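To convert, note that position 57 of the sequence shown is 41 in my numbering; the numbers rise steadily by one, no gaps.
All C-beta atoms, glycine included, are put in the ideal place defined by N, C-alpha and C.
Bear in mind that the values here come from a model prediction, so they are computed numbers and not experimental data.
Step one of this worksheet: look at the structure below.
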Amino acid sequence: MKNILITGGSGFIGSHVVRLFVNKYSNYNIINLDALTYAGNLENLKDIESKSNYTFIKEDICDDKKMETIFSKYDIDAVIHLAAESHVDRSIKDPFSFAKTNVLGTLSLLQAAKIYWNNNYANKLFYHVSTDEVYGSLNNEGYFTEKTAYDPHSPYAASKASSDHFVRAFNDTYKLPTVISNCSNNYGSFQFPEKLIPLFINNICNNKSLPVYGKGENVRDWLFVEDHARAIDVIFHKGKLGDTYNIGGFNEWRNIDLIKVLIKTVDELLSREEGASEKLISYVKDRAGHDYRYAIDSSKLKNELGWEPSLQFEEGIEKTVKWYLNNTEWVENIVNGDYQKYYKEMYEN
Ligand code: NAD
Ligand code: TYD
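Spelled out as structure tokens, the structure:
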């Protein structure tokens, strides 16, 4: 049996990674450590919570002494680290909490791994999950590769960039066995409805206005979350120690075009007249420091480890919209809570 610590497993991507590993690897004990911040939700893992190879621990990764205790109590062999503050708009309002969780939290886990493994690194791994936002912003040409220099713009991106640097520093300095992946924008089930796709699906359903930042011309490269989880599985098992892998969908969309696809899909599924919800589009003040374009070159991952996205975007979007329409209770439980206050502050002031 291997004991694998997955941090942030009750969030969006983490829940898909935990589900995949718990169901696929009965020879792994999966220990999900999550502080259950506003973004963590035990409902996300209801289907696997009673499995014998799954344990949940509610803890904060910033508590370094607690992390050391957990490594030793559960005899941790490997870490897949996803816990983070993850929303750019929130990072603009409150950069400190991003530095704390994303930088100091990562450092506290690295330190716990270093101390517990104590130079006995055979079959050990610290896998850090990061984002393409560390590379900054592209104009209309080119892609981010693993060699692109870091140039973060938002406090979120700066905190993730810093955490990546700490992971590499622990690999260089202490020979800690690490691997990093930097992924593009994810979409799919269980995504907190503050991010573009679930927020807009919910607003279209409820005939609420769709706040498009700036002119809606910014470009993102979208990947279905289950494909990201599969990539993490491949890199976890076959990735080269000390290396970095970019993960992306080769699937770029201007925000406004993506929003029209969402409108079309929701309207069709709700039997509304074609384009009926386009009237909900409302152009609002641009996000401060809004990165223009993200586009990932994930050919290294394809060529070296054989991973490719499995879903066409239209298929993934339809699956995703159907999931939100069939899980209105999950969405309502979120939007009826503290989220109301956030939404008012963010969009209605
Ligand atoms: P999320 O916000 O949905 O989930 C984050 C999880 O971390 C939550 O369950 C939360 O409770 C937990 N958490 C937060 N602070 C914690 C702390 N101090 N201690 C323990 N747990 C804590 O985020 P997500 O979208 O699932 O992203 C997961 C990871 O993937 C992040 O590291 C993010 O930077 C990275 N990433 C996300 C995307 C994306 O499109 N969402 C793309 C690339 C990389
Ligand atoms: P988001 O889902 O926040 O992801 P990220 O900022 O990490 O890429 O936003 C995706 C894109 O959608 C980004 O260009 C900002 C834009 N956006 C809006 O236009 N309106 C919104 O209400 C939100 C949340 C995002």
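Rounded straight-line distance, which links the Cα of residue 70 to that of residue 95: A direct Cα-Cα distance of roughly 22 Å separates residue 95 from residue 70.
Boundaries of the beta strand (DSSP E) in which residue 162 is found, first to last residue: Run containing residue 162: 162 to 167, per the beta strand (DSSP E) assignment.
Close beta carbons around residue 167, own chain, < 6 Å, minus the five adjacent residues each side: Once the five neighbours on either side are set aside, the close Cβ partners of residue 167 are 212, 231.
Proximity of residue 132 and residue 119 at Cβ, strictly below 8 Å: Taking 8 Å as the Cβ cut-off, residue 132 and residue 119 qualify as a contacting pair.
Of the residues 271, 67, 171, the one placed nearest residue 23, counting alpha carbons only: The shortest CA-to-CA distance from residue 23 to any of 271, 67, 171 is the one to 67.
Beta-carbon proximity check, residue 271 vs residue 203, cutoff 8 Å: Their beta carbons are not under 8 Å apart, which means residue 271 does not touch residue 203 by this criterion.
Other residues of its chain near residue 163: CB distance less than 7 Å, five sequence neighbours each side excluded: Sequence-distant Cβ neighbours of residue 163 in its own chain, meaning closer than 7 Å and more than five residues away, are 109, 111, 219, 223, 225, 227.
The region 35 to 49 touching the region 0 to 20, judged by at least three CB pairs closer than 8 Å: Yes, since at least three Cβ pairs between the region 35 to 49 and the region 0 to 20 fall closer than 8 Å, the two stretches touch.
Counted within 10 angstroms of its Cβ, other Cβ atoms place residue 221 as buried (16 or more) or exposed: Per the 10 Å Cβ criterion, exposed.
Residue 173 Cβ short of 7 Å to the ligand NAD heavy atom set: Checking every heavy atom of the ligand NAD against the Cβ of residue 173, none is found closer than 7 Å.
Backbone CA spacing between residue 154 and residue -9 [nearest angstrom]: Rounded to the nearest angstrom, the two C-alpha atoms are 18 Å apart.
Proximity of residue 143 and residue 83 at Cβ, strictly below 8 Å: In this structure, residue 83 lies closer than 8 Å to residue 143 by Cβ.
Between the CA atoms of residue 134 and residue 64 - distance to the nearest angstrom: Taking the straight line joining both Cα atoms gives about 22 Å.
Own chain residues within Cβ distance below 8 Å of residue 92, not counting five before or after: Hits under 8 Å: 45, 46, 47, 48, 51.
Beta-carbon proximity of residue 337 to residue 319, cut-off 8 Å: Only positions -15 to 333 of the chain appear in this structure, which leaves residue 337 out of reach.
Spatial neighbours of residue 184 in its chain, beta-carbon cut-off 7 Å, leaving aside the 5 residues before and after: Only 194, 243, 246 meet the Cβ criterion.
Cα-Cα separation, residue -15 to residue 56: Approximately 16 Å between the Cα atoms of the pair.
Heavy atom of the ligand TYD within 7 Å of residue 72 beta-carbon: Under cutoff, so the answer is yes.
Anticipated Cβ contact below 8 Å, residue 284 with residue 229, distance rounded: That pair is a contact at about 6 Å.
Beta-carbon proximity list for residue 197, same chain, < 7 Å, skipping 5 on both sides: Correct list, in chain order: 268, 270, 271, 274.
Alpha carbon of residue 209 to alpha carbon of residue 308, nearest angstrom: Between residue 209 and residue 308, the C-alpha separation is close to 14 Å.
Contacts around residue 26, its chain only, beta-carbon distance under 8 Å, and the 5 residues preceding and following it disregarded: So the list reads -6, 20, 33, 40, once near-sequence residues are dropped.
Cβ-based neighbour list, residue 181, same chain, cut-off 6 Å, excluding 5 preceding and 5 following: 171.
Neighbour-count burial assignment, residue 80, 16 or more Cβ in a 10 Å radius: Burial is judged here by how many other beta carbons sit within 10 angstroms of a residue's own beta carbon; residue 80 has fewer than 16 and is exposed.
For residue 256 and residue 17, the rounded distance between their alpha carbons: Using only the alpha carbons, I get a separation of about 43 Å.
Inter-residue spacing [alpha-carbon to alpha-carbon] between residue 381 and residue 113: The structure shown has nothing for residue 381, since the chain only spans -15 to 333.
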